[in-house]
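> Residue numbers (the working numbering): 46 to 332. Just so it is clear, CB atoms sit at the ideal spot from N, CA and C, and this is done for glycine as well. Can you keep this structure in mind? I'll have questions shortly.
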């Protein structure tokens, strides 16, 4: 063996070490996936169990006595079609408006030059540290004065902007080459035309990821629809499921059945936009 050369056993040891690290990584990923999936499996299992079976062994994942009473209660004791319609209008309408408003704000903060731009951006970021629960009372009083309680505009408009969305889109817009914008200015395009015809078409991954994130959050939103809507006809699915919890007890099967039904559209939306979602997260400064 020449002076300074590695021993003959080193390459083999390195291969073994890489294999051990790879297997350990797979093991960690499998454990993380199991920890993520098990609560959903338990939720579906509870929705298919009878009360006696549930109280006999609450930790068991799958029922020994099968029952569809939970799904029957959700579909018959609640105006399910109306609740599903309200949830879709609230989540989809708010998300579309939010993406539009956040993209306009992100474009202005990323591409336009004006005094105070950085200070405005820092103020927007600071709002991320303010819990939404703090602003509920003043917003509720404002909606009451406007007569917007139990209305779609009362549900949608107060949630039509997001500091997280502005941050995400600003970070993405800053990665786009300015030469495209300069060329459009030379061709006579104004700022809005550049935003609409150049920036947005190039930002599909970021827009799709923001849409999925906000749609999922709004679809599962419990507190805001519960505060704004006092009528069952204007409730959403998550807020209406509170009716299965009362002083006389909790219908666990119905609650879990309603949660399983409400999660199904989210799973479909995520699967359809998964490619854009991952790409958008990787290119907007959140990786």
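(1) By a C-beta neighbour count over all protein chains shown, 10 Å radius and 16 as the cutoff for buried, is residue 101 buried or exposed?
(2) Would residue 215 pass as a contact of residue 262 if the rule is Cβ separation under 8 Å?
(3) Report the CB separation of residue 212 from residue 244 in whole angstroms; it is logged as a contact under 8 Å.
(4) Taking Cβ to Cβ, would you say residue 143 is nearer than 8 Å to residue 205?
(5) Any idea what DSSP makes of residue 295, helix, strand or coil?
(6) Taking DSSP as the reference, what is the three-state secondary structure of residue 107?
(7) State buried or exposed for residue 65, treating a residue as buried only when at least 16 other CB atoms are found within 10 Å of its CB.
(8) Suppose you measure from the CA of residue 317 to the CA of residue 138; what does that come to, to the nearest Å?
(9) In the DSSP assignment, find the alpha helix (DSSP H) that holds residue 250 and state where it starts and stops.
(10) Please return the same chain residues whose Cβ sits closer than 6 Å to the Cβ of residue 93, not counting the five positions on each side in sequence.
(11) Within a Cβ cutoff of 8 Å, which residues of the same chain sit near residue 313, ignoring the five residues on either side of it in sequence?
(12) From the DSSP output, in three-state form, read off residue 158 for me.
(13) Between residue 135 and residue 287, is the Cβ-Cβ spacing less than 8 Å?
(14) Please state whether the Cβ-Cβ distance between residue 299 and residue 119 is less than 8 Å.
(15) At which residues does the alpha helix (DSSP H) containing residue 268 begin and terminate?
(16) Based on Cα-Cα distance, which residue from 283, 236, 203, 116 lies nearest to residue 187?
Reading off the structure:
(1) exposed
(2) Contact flag unset, no.
(3) Not really, about 16 Å apart at Cβ, beyond 8 Å.
(4) yes
(5) strand
(6) coil
(7) exposed
(8) 19 Å
(9) 249-264
(10) 108, 111
(11) none
(12) In the three-state reduction of the DSSP assignment, residue 158 falls in the coil class.
(13) Against a cut-off of 8 Å, the Cβ pair of residue 287 and residue 135 comes out as no contact.
(14) yes
(15) Per DSSP, residue 268 belongs to the alpha helix (DSSP H) from 268-273.
(16) 203
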